[in-house]
Amino acid sequence: EDKVVQSPLSLVVHEGDTVTLNCSYEVTNFRSLLWYKQEKKAPTFLFMLTSSGIEKKSGRLSSILDKKELFSILNITATQTGDSAVYLCAVGPRQGGSEKLVFGKGTKLTVNP
Amino acid sequence: ETGVTQTPRHLVMGMTNKKSLKCEQHLGHNAMYWYKQSAKKPLELMFVYSLEERVENNSVPSRFSPECPNSSHLFLHLHTLQPEDSALYLCASSQATGGGHYGYTFGSGTRLTVV
Chain S
69 EDKVVQSPLS
79 LVVHEGDTVT
89 LNCSYEVTNF
99 RSLLWYKQEK
109 KAPTFLFMLT
119 SSGIEKKSGR
129 LSSILDKKEL
139 FSILNITATQ
149 TGDSAVYLCA
159 VGPRQGGSEK
169 LVFGKGTKLT
179 VNP
Chain G
89 ETGVTQTPRH
99 LVMGMTNKKS
109 LKCEQHLGHN
119 AMYWYKQSAK
129 KPLELMFVYS
139 LEERVENNSV
149 PSRFSPECPN
159 SSHLFLHLHT
169 LQPEDSALYL
179 CASSQATGGG
189 HYGYTFGSGT
199 RLTVV
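Protein chains in written order, with the working numbering: chain S, 69 to 181; chain G, 89 to 203.
Structural data, given as structure tokens:
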């Protein structure tokens, strides 16, 4: 059964800290790993990773995938209160026309001023 | 707005009621999904309509019934629900190519409470 495990489940930091969120997975026929940020309701897309060792970067956020060890990390530097959210990791198996994603439980990040 | 619109935003229903959730996407995507998000659980896939193929998770009870009249609209019909069905129901869409897709765009969800 496909599985995605995120750690930690929750994290409280102060503004300016750097955080690393972890995502490990077991999935048959891996195709892609995605990170989403969920603040209130709609998760919003952050990154899609398909190749090992290539860092994706967007402002203070960056992510990298290790397909050999089956994990990904999401880094946030110089955190701000607006980074407070649940960060979701999802893995997309390679399957015909049915593009299902398997999600982890998420990491709830709280950034205090 | 993300391009995926869900209505209603909130719904309270009794166990004997029948209601429907609606999702509409304006992104030209060809795949749409229903996910259930319960407290302290991962997002659970309920149904997929992709490239005109319907795929469902066999663990979804028959009191949930999806309908996808075209590639832009998706419904989830609800009847005789249980209190444990209370959750956030998220609709998503993506552009599926048969060999993969490019990530979902989610709607804001419907917060359902069954009393």
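All residues carry an ideal CB built from backbone N, CA and C; glycine is no exception. Because the structure is a prediction, the values reported are computed rather than measured.
Quiz item: Are L177(S) and A153(S) close, meaning C-beta to C-beta below 8 angstroms?
Solution: Cβ atoms of L177(S) and A153(S): closer than 8 angstroms.
Quiz item: For E132(G), which of helix, strand or coil comes out of DSSP?
Solution: Strand.
Practice problem: Report the rounded CA-to-CA distance for K136(S) versus C179(G), giving the unit in angstroms. | Solution: Computed Cα separation, rounded: 32 angstroms.
Quiz prompt | Of the listed residues D70(S), E107(S), L142(S), T149(S), nearest to F98(S) (C-alpha basis) | solution = The residue with the shortest Cα to Cα distance from F98(S) is D70(S).
Quiz item: What do you get for A127(G), buried or exposed, if any count of 16 or more other CB atoms within 10 angstroms of its CB means buried?
Solution: Burial call: exposed.
Quiz item: Along chain G, which residues have their Cβ under 8 angstroms away from the Cβ of G172(S)?
Solution: Here the neighbours are P130.
Practice problem: Could you tell me whether any Cβ in chain G is nearer than 8 angstroms to the Cβ of L169(S)? | Solution: With a threshold of 8 angstroms between beta carbons, L169(S) makes contact with chain G.
Practice problem: Assign T95(G) to one of two classes, buried (16 or more other C-beta atoms within 10 Å of its C-beta) or exposed (fewer than that). | Solution: Taking all protein chains in view, the Cβ of T95(G) is surrounded by fewer than 16 other Cβ atoms within 10 Å, so the residue is classified as exposed.
Exercise. Compute the Euclidean distance between the alpha carbons of G195(G) and V92(G), then round it to the nearest angstrom.
Key: Between the alpha carbons of G195(G) and V92(G) lies a gap of roughly 5 angstroms.
Self-check item: Presumed contact (8 angstroms Cβ cut-off) between P130(G) and G172(S), rounded CB distance
Solution: Right, their Cβ atoms sit about 6 angstroms apart.
Quiz item: Along chain S, which residues have their Cβ under 9 angstroms away from the Cβ of Y192(G)?
Solution: Neighbours of Y192(G) in chain S, taken as residues at a C-beta separation under 9 angstroms, are given in chain order as L102, Y104, P111, F113, A158, E167, L169.
Quiz item: With a cut-off of 8 angstroms, does the C-beta of G197(G) fall near any C-beta of chain S?
Solution: Contact with chain S is found for G197(G), since one of that chain's Cβ atoms lies less than 8 angstroms from the residue's Cβ.
Practice problem: With a threshold of 16 other CB atoms inside 10 Å of the CB of K125(S), please say whether the residue is buried or exposed. | Solution: With fewer than 16 other beta carbons inside 10 angstroms of its own, K125(S) counts as exposed.
Quiz item: When the cut-off is 8 angstroms and only beta carbons count, does V203(G) lie next to chain S?
Solution: So, not an interface residue.
Quiz prompt | Residue-chain proximity (V100(G), chain S), Cβ-Cβ < 8 angstroms | solution = Among the CB atoms of chain S, none fall inside 8 angstroms of the CB of V100(G).
Exercise. Decide yes or no for the touch test of the segment 141 to 155 of chain S against the segment 88 to 102 of chain S: beta carbon pairs closer than 8 angstroms, at least 3 of them.
Key: Segments in contact, yes.
Practice problem: Look up P154(G) in the DSSP assignment and say whether it is helix, strand or coil. | Solution: The answer is strand: DSSP assigns P154(G) an E or B state.
Self-check item: Opposing strand residues paired with P96(G) [DSSP bridges]
Solution: Listed as beta-bridge partners of P96(G) by DSSP are no residues whatsoever.
Quiz item: For P111(S), does the three-state DSSP call read helix, strand or coil?
Solution: Three-state result, P111(S): coil.
Quiz prompt | Distance, S100(S) Cα to G165(S) Cα | solution = Caution is warranted here: a pLDDT of 48 is assigned to G165(S), below 50, making its placement in the model unreliable, and no coordinate value can be reported.
Practice problem: Please go through the same chain and pick out, in chain order, the residues whose beta-carbon is closer than 7 angstroms to the beta-carbon of Y123(G), but skip the five residues on each side of it. | Solution: If we look at Y123(G) and ignore the five residues flanking it on each side, its Cβ neighbours are L131, E132, L133, M134, L178, A180.
Self-check item: Nearest-angstrom Cα separation, counted from F163(G) out to L109(G)
Solution: Here the alpha carbons of F163(G) and L109(G) stand approximately 6 angstroms from one another.
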